[in-house]
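Undergrad:
Residue numbers (my numbering), protein chains in the order written: chain B, 2 to 966; chain F, 2 to 415.
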């Protein structure tokens, strides 16, 4: 009994302990893998946000919207469950790929409602003749709205056919799609609504007349037998409001459920493979639509597709161009090749054969090659596609059989049977090519299960007949979910589940790493033991060369913390966090909240509040009105750098103002009402700009005067200068950009440049440097003496150098700063560019420590000095190289006294240094230089030179400098 | 004592676990994936911000709703105000200006466009164009066009194929024309039409520095129309078969035309004549129209009755940005001209293509003298920039036995 009791207590303790330990860091949760996203949060007050197709095309072609994979690795898709699948939710619902749709469901697509009712005439509400997407907006007898889109002249059935087919396929794939119904009608079916609008050639709106409809229809092709043909597009049931297209980068700022930036959503990245298949070469955000829907009493935003007229052989309102899908809008290399080829260079796509069927347009499958397919303009989500994203898309495409595609093509109702046959056959062949290419870029293994103690799975490539079965090797490990590490199981390297796993307790996790013959192409499946057997809880697919990018928070943290803020800044930020906690129910401390800000958000908050605090306000009589910061009573939001957002949505602080703030600005001599914001600073119409040259503060104030968007303009807003000085770019308000920091301190002294560490200023690739020659670093690590205690007497300068650098870069403790004399602290101030009066010695020493910590964090853990640095030898003979045991890591040179005097931090002069080196009768023996280059992984960092001398019998660094090329 | 009589280590474990559990609850740690997602949404909800259409997008919408792309394809520009480059007589500087177009007045019964342009060399042009779009859809084109242009730096080298390059002179041509042009489509691309109007020219001393004015070098006898310029009535007919796929950037089809205009001298009784302008343009595409061989054979001929002469400023010319490009503008003047041009055009990128070209041309007093004897040859390479396949800008480089020419113009060659 006692034993049982003890066992029960032990179990309870273990369970409690397990439950109590920090769950946030575990890899798998008990409810993994999620099939469906949690119920959405309600959305309130969402506004329409329009996009323009030309603007989207231009910004994506000539700019890089969204966050892209960094140079050091890739960012995996973030919107998936632990199996790599997209969860059902407002973006995507697993349909045909999970459970086959019937023929009727395939043909019907999303159009479960009725086509426009013909009980009465259709009331035309809007005629749009001149825009990029002309069409008619009608209302039918049931009061439902439909947008009628037509084919371009001479191409009857081309665009409408593509729309019908595309909408069915996208719906079956799982995307949310507007209803698409194909309609034929006569002119008599239409009547101008009394409230109808005609949009004229300059965008003006006039009362709609019948002849406006006639004029529109004159330009539309007509089937002689059946009349006008159009696709009627309407919102599915439940849609309450249209909110405008969604972007392929960023998130909607008014949607609490939109938490994954779109460029990292798998369902959007997967559009790369899908767009290749369906020839959606000109994929553009304006093909989509965010809709406000209500389900189960909750309003939320659903993200849908509405425009498929650019698919297959159709290029929206004209036939596709033969280069679509093969060349981007502009690429310098390709253009040069084409030029030099003088017309004789003809890639295969130029010779592709297209059918002479006008309703098909330019759509074929023989030349198409998914490995070289390119969208016309690479939107952010497509640019980020990875092999596992493509694999996911290929799996969805795999669900479409030949017969499925035949059914779907029937939705187009082509008059010419050749068109139907051609499109069907092309879709089938393109599908096969896409699958052949994308399916096998990772291990296409699915449906993991344990049968008779053996791990079994399906090989999709074999099932599809793309290759024959191959052997895989397996390595089993125990998996510790909380620690996220593996415990290799000895001799467990077959598909046979290890006995240890078979007999383990429920709740145990195991990982089976499956490898193919291709190095790097592996798959790890995570299995959790349950009461009745094993269940897959996770899958990770790797491919050759895959390296995950380091997440920002795991890298070097900026050497700036909440405690470094002024009292006023802390007060403002604390109130912001208090407000955040009130909204979320979290208990975040201001320190943690500040730490969670990105670097750009911190620099923005710092620079703007600093500028505000240094800006005195006085009235016409000279009487003080306080500082500009006194007008601010709270912070609503700090906007840092956001990929893809306009300049006036980045690098600013959205604030609450005290009542009367606008009046104070009106009274002040320092600010002037400049203009009403019409294009930028939406929602803040009143602009008050600080007088004087740039940089200056701009208050953009809301209608009620209680809120403001505050930013600092570092570049002139006056035309024509503003057109090309970057004022209209986000760099205008970024204190880190260009020489903005110097400009800031020129007007508002005292802002410390904490964000730019030594490494931030150093070039990462040295190239050839004017003054120095690199030497080769020895491969094996140079043995180092044991750590000397602080204050130990060190006889030789190279030993002192070694001790400093080892403490700094290997042991990573603060003892290194003990070697730095107070004289050298002035170099810290120099490095900052800050007014020397603004930093005390203690501040400068602390600043130096912060910088040293940042550098060592950036380099990362080095097991030896040899890993962290390599020697660099000055070539000037005036520097006498000293032989010493650490020649692989750093050079020691005797520096002439006259040179050293001009190398000191105070009064440093480059010209005087060079002059000194050219003098005769140089004196040595007092100063020594240590010169080395940082190593960062496999790349080489910048060069640092330390100047040593003895002070009070101890070696001290009295100056240092980053050597620029 | 039951389950509470536990050994001390286990008790610590339980209490410790409880405390730890309590602490983690205070920090709202997620224990399920759903909870993690909800926490992320909660965080986002605390930082929501209204979405709005950006001002730049609104500006773009304004232009794209004005038929910008249709205007690019037609060459007439967008509706509303336009900023213009080019479009004036060449040789008088880079022209720029503003225009205003409406294609939808009076229920698209009336289209209107007016422009004002100029150059830094004091050349000006004002024009107004009225057309009737609704008639166009019924196969009828009617157009009223008025233009005033002042070109102070027109070049003249003297008459004939053998004019000397060293004899370059400059004159000012100022003219006003008002014409009504109408045509109707007989069948598919076949049009028949007529034109009638007035034309009032005026010449004067040229302003091109470094070159003498034309009247200082040539006489009225050599250069008819130099001393005095009458007003003209003019009328004619046109026959055209045009089946090009896109006239502003053709890659397929052909364009064959004959334009005839008779000029009646209203004042001097000296310059009544006929003007014939005929051409055959053919486009041979291959490789999905990414490559085109374009051929043009053009004949311009004038006829004057006895006692009448062709004023030099209305004579056919060769040389310049459109024909015999290796030669200076208006290099060759005479009463008739023949040009044969061949271009091979090929795709460069989405917005442009390249072309190599060769041309041969000759001017002569009579059409019977138009042959290859003493014809002038030229060739070169060029780049054309397109919007929706319509050429809006061209950079050509051409060479001839008179040197090299670089051309930057805002029109297609043909």
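By construction, the Cβ of each residue, glycine as well, lies at the ideal position given by its N, Cα and C atoms.
Look up residue 1(F) in the DSSP assignment and say whether it is helix, strand or coil.
TA: Here chain F has residues from 2 to 415 only, and residue 1(F) is not among them.
Undergrad: Within 8 Å (strictly less), CB to CB, does residue 420(F) reach chain B?
TA: Here chain F comprises residues numbered 2 to 415, so residue 420(F) is not present and cannot be evaluated.
Undergrad: What does residue 684(B) touch in chain F if you count any residue whose Cβ is under 9 Å from its own?
TA: Those within 9 Å of residue 684(B) in chain F are 51, 53.
Undergrad: Of the choices 382(F), 159(F), 267(F), whose alpha-carbon is the least far from that of residue 331(F)?
TA: Of 382(F), 159(F), 267(F), the residue nearest in Cα terms is 159(F).
Undergrad: Give me, in chain order, the residues of the same chain whose beta-carbon lies closer than 8 Å to that of residue 925(B); leave out the 5 immediate sequence neighbours on both sides.
TA: Result list for residue 925(B): 881, 895, 896, 897, 898, in chain order.
Undergrad: Output the distance between the C-alpha atoms of residue 127(F) and residue 196(F), rounded to the nearest integer angstrom.
TA: C-alpha separation (whole angstroms): 21 Å.
Undergrad: Quick one: Cα of residue 69(F) to Cα of residue 206(F), how far?
TA: Going by the C-alpha atoms only, they are around 41 Å apart.
Undergrad: Quickly, what does DSSP pair residue 510(B) with across the bridge? List them, please.
TA: Bridge partners of residue 510(B): 480(B), 529(B).
Undergrad: Could you tell me the distance, in whole angstroms, from the CA atom of residue 65(F) to the CA atom of residue 133(B)?
TA: Distance between the alpha carbons of residue 65(F) and residue 133(B): 6 Å.
Undergrad: Could you give the DSSP three-state label for residue 22(F): helix, strand or coil?
TA: Unreliable placement is indicated for residue 22(F), whose pLDDT of 30 sits below 50; the coordinate value is still reported in the next sentence. DSSP places residue 22(F) in helix when its eight states are reduced to three.
Undergrad: Can you check whether the CB of residue 274(F) is closer than 8 Å to the CB of residue 305(F)?
TA: Going by C-beta atoms, residue 305(F) is nearer than 8 Å to residue 274(F).
Undergrad: Please determine whether the Cβ atom of residue 359(B) lies at a distance below 7 Å from any heavy atom of the ligand GTP.
TA: The ligand GTP is not among the ligands present in this structure, which contains no ligands whatsoever.
Undergrad: Whose CA, out of 169(F), 163(F), 164(F), 173(F), lies closest to the CA of residue 123(F)?
TA: The shortest C-alpha separation from residue 123(F) is found at 173(F).
Undergrad: Which chain F residues are close to residue 36(B), counting only those with a beta carbon under 8 Å from its beta carbon?
TA: What residue 36(B) touches in chain F: nothing, since even the nearest Cβ is about 11 Å away.
Undergrad: Ignore the nearest five residues each way along the sequence and tell me which others in residue 356(F)'s own chain have a CB closer than 6 Å to its CB.
TA: 344, 346, 383, listed in sequence order.
Undergrad: When DSSP labels each residue in this structure, what does residue 947(B) get in the three-state scheme?
TA: If DSSP states are grouped into helix, strand and coil, residue 947(B) belongs with the strands.
Undergrad: At what residues does the beta strand (DSSP E) containing residue 242(B) begin and finish?
TA: First-last of the beta strand (DSSP E) with residue 242(B): 240-243.
Undergrad: Among 292(B), 111(B), 130(B), 145(B), whose alpha-carbon lies nearest the alpha-carbon of residue 120(B)?
TA: Considering only alpha carbons, the answer is 145(B).
Undergrad: Please confirm if residue 606(B) has its CB atom under 8 Å from at least one CB of chain F.
TA: Cβ-Cβ to chain F under 8 Å: no for residue 606(B).
Undergrad: Tell me whether residue 133(B) sits in a helix, a strand or coil according to DSSP, three-state version.
TA: It is coil, neither helix nor strand.
Undergrad: Helix, strand or coil: which one does DSSP assign to residue 44(F)?
TA: Residue 44(F) falls in the helix class under three-state DSSP.
Undergrad: Could you list which residues in chain B have their beta carbon closer than 9 Å to that of residue 396(F), in chain order?
TA: Chain B residues near residue 396(F): none, gap ~12 Å exceeds 9 Å.
Undergrad: Checking contacts by CB at 8 Å: is residue 55(B) closer than that to chain F?
TA: Yes - at least one Cβ of chain F is within 8 Å of the one on residue 55(B).
Undergrad: Please report how far the alpha carbon of residue 121(F) lies from the alpha carbon of residue 108(F), in whole angstroms.
TA: Their backbone Cα atoms lie some 39 Å apart in a straight line.
Undergrad: Using the Cα positions of residue 432(F) and residue 387(B), report the straight-line distance between them to the nearest angstrom.
TA: Outside the shown range of chain F, which is 2 to 415, sits residue 432(F), and nothing can be said about it.
Undergrad: For residue 454(F), I'd like the list of residues in its chain whose CB is within less than 8 Å of its CB, leaving aside the five on either flank, ordered along the chain.
TA: Here chain F covers residues 2 to 415 and nothing more, so residue 454(F) does not appear.
Undergrad: According to DSSP, is residue 276(F) helix, strand or coil?
TA: Three-state result, residue 276(F): strand.
Undergrad: List the endpoints of the continuous alpha helix (DSSP H) containing residue 575(B).
TA: Unbroken alpha helix (DSSP H) run through residue 575(B): 568-585.
Undergrad: Helix, strand or coil: how does DSSP classify residue 779(B) here?
TA: Bear in mind that a pLDDT of 38 at residue 779(B), under 50, signals an unreliable position, so the number given afterwards is only what the model happens to contain. Residue 779(B): coil per DSSP, three-state reduction.
Undergrad: Do you know how far the Cα of residue 342(F) is from the Cα of residue 394(F)?
TA: Going by the C-alpha atoms only, they are around 20 Å apart.
Undergrad: If I follow the unbroken beta strand (DSSP E) through residue 596(B), where does it start and stop?
TA: Where residue 596(B) is concerned, there is no enclosing beta strand (DSSP E), although the alpha helix (DSSP H) it sits in stretches over 591-597.
Undergrad: At least one CB of chain B closer than 8 Å to the CB of residue 130(F): is that the case?
TA: Residue 130(F) does not count as touching chain B.
Undergrad: Return helix, strand or coil for residue 200(B), following the three-state DSSP convention.
TA: Strand.
Undergrad: Indicate whether at least one CB of chain F lies closer than 8 Å to the CB of residue 448(B).
TA: Output row for residue 448(B): interface = no.
Undergrad: Could you pull out every residue in the same chain whose Cβ sits closer than 6 Å to the Cβ of residue 778(B), ignoring the five residues on either side in sequence?
TA: Caution is warranted here: a pLDDT of 37 is assigned to residue 778(B), below 50, making its placement in the model unreliable, and the coordinate value is therefore given only provisionally. So the list reads 871, 889, once near-sequence residues are dropped.
Undergrad: Whose CA, out of 180(B), 154(B), 961(B), lies closest to the CA of residue 164(B)?
TA: Closest by alpha carbon: 180(B).
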